[in-house]
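Below: the structure, in structure tokens.
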Amino acid sequence: MKNTITTILLLVTLATRLHAQEKHEPDMDAATYAKIVAVSASCIDMDLAALDTMVRVAWVHSSYGRTFSISRFAWPKASEKAGEKTFVDISGRTFSVPEAKIVAVKSFELNQALADSLKVEIGANWLDMAHNYGYFAALWFHLKGRPDLARQLFTSARSAGFDEQRIVDGLALIYYDEMLSAYTHERNYKRAARIGALLNKPVFKTYKYQKTALDLAVQLKNRPGDYQSLSLPDSASWSVIAAQQSRTERIHYLVERLCLLNCVQSGQPAWISYNDVQHAIPITELHPMEISFWDNKDSFVVINPYTELLRMRPDSKEVLELLPYLSDSSYIPTYSYHRDFFSERTLHRLRWVVNELIFDI
């Protein structure tokens, strides 16, 4: 009952907001419009002018025994793999869908009807970052010679009052989320570093996570061996390795691999557990096989160095071996947040892990 009431309240609130937007959409003077276009263009790293037809693509997706449909507004893009269709969605993200899964692709003319549909799309997702996505579509309309429609979408993206910092922060958050996903979910260090370089643009100098993004980009360039030459063994391999080492050597072996700790928040709001199950492959490769990240029985499970260190129960002298790592400010592929539609993101550091480990011991 409580969930039903909450849903009804959200729908009423949404309807009220959309009605107010339609009836009282504020005018945007030429100077404000020009500023919004300039700020959006300086933030968006994408050749929108080269994108022609916008479509609505719908496809079927199966996950953990359930089948459901997904649809998005997007621009078609040349596909790099046979049997797939590639698109760029209105948040600037590139995604691919197997051709066999696609149900429909509807093309739209660049007109008021498309603008109205996009306004509904943006407004219907006001509880997450989607309200920032309006900047991409609005700038596209502008570059395609329809400033009248661009004004409407900029308004839907909540920029009619022109808060430059809000536009910058909103677009930066989209890129920063992509960077964190590339680092933690894909283990794609090159892509994460490329996005970090994008966030180095002067327009993002006031973004609160710019320094974190730049520091992470530098770290990733200096850590090409993560998950390759430096990796986590499975339990059988670890038993062999451990049998050949002294306790001190085992401690060093495990501590040196805490930087690979890849933990995932189980909900929102929720928390991060450094005892999470670890896998030999990225999260994005587990999903197509319908393997849960928290499943500890699949063939890709490897040891968790944090858990193994706790099992060793280091004594007070052995704990001293951990102390130097308390000054290590490098990041690990783990981040947390309160809600995904809030702007806060916390990328965890190695020294936090070591500090909690010492506390747990």
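Residue numbers for the sequence shown, in my numbering: 413 to 773. The beta carbon of each residue, even a glycine, is placed where N, CA and C say it ideally should be. Since the model is a prediction, treat every value here as computed from it, not as a measurement.
Three-way DSSP call (helix, strand, coil) for residue i in this model
i	result
residue 762	helix
residue 579	helix
residue 566	helix
residue 696	helix
residue 611	coil
residue 556	coil
residue 514	strand
residue 768	helix
residue 618	coil
residue 441	coil
residue 773	coil
residue 533	helix
residue 757	coil
From the options, residue whose alpha carbon lies closest to that of residue i
i	options	result
residue 595	752, 743 and 614	743
residue 631	766, 741, 442 and 767	741
residue 773	758, 465, 720 and 471	720
residue 683	755, 760, 447 and 650	760
residue 486	747, 527, 503 and 515	503
residue 507	515, 493 and 523	493
residue 522	547, 552 and 641	552
residue 547	529, 533, 562 and 557	562
residue 668	642, 636, 514 and 483	642
residue 497	739, 555, 516 and 688	516
residue 608	591, 597, 616 and 657	591
residue 605	495, 622, 526 and 535	622
residue 600	640, 565 and 583	640
residue 650	635, 636 and 666	666
residue 529	554, 512, 550 and 513	550
residue 583	554, 620 and 597	620
Cutoff 7 Å; reference residue i; Cβ partners in own chain excluding five residues on either side
i	result
residue 770	731 and 734
residue 540	Confidence at residue 540 is low in this model, with a pLDDT of 48, below 50, so its placement is unreliable and the value that follows should be read with caution. Excluding positions up to five away in sequence, the list reads 752 and 753.
residue 686	673, 675, 718, 765 and 768
residue 518	467 and 468
residue 475	702
residue 560	none
residue 654	662
residue 610	457 and 587
6 Å CB neighbourhood of residue i in its chain, flanking five on each side removed
i	result
residue 451	576 and 579
residue 692	712 and 714
residue 545	502 and 503
residue 437	Only weak support exists for where residue 437 lies, its pLDDT of 49 falling under 50; the coordinates are left without a value.
residue 710	703
residue 531	568
residue 538	Confidence at residue 538 is low in this model, with a pLDDT of 49, below 50, so its placement is unreliable and the value that follows should be read with caution. The answer is none, since no qualifying residue turns up.
One or two residues paired with residue i in a DSSP bridge
i	result
residue 642	638
residue 703	Answer by DSSP bridge pairing: none, since residue 703 is not bridged.
residue 652	For residue 652, which the question treats as bridged, DSSP gives no partner whatsoever.
residue 520	466
residue 714	690
Nonlocal neighbours in the same chain, by C-beta distance under 8 Å from residue i, ignoring five residues either side
i	result
residue 447	574 and 576
residue 749	677, 680, 756, 757 and 758
residue 499	467, 469, 484, 486, 487, 488, 489, 506, 507, 508 and 509
| Fully enclosed by the region 656 to 690, which alpha helix (DSSP H) runs are 4 residues long or longer? | 659 to 667
| field | Completely contained beta strand (DSSP E) runs for the region 717 to 755, where each covers 3 or more residues | value | 743 to 748
| field | Inside the region 457 to 512 only - beta strand (DSSP E) runs reaching at least 3 residues | value | 466 to 475, 478 to 489, 496 to 501 and 506 to 510
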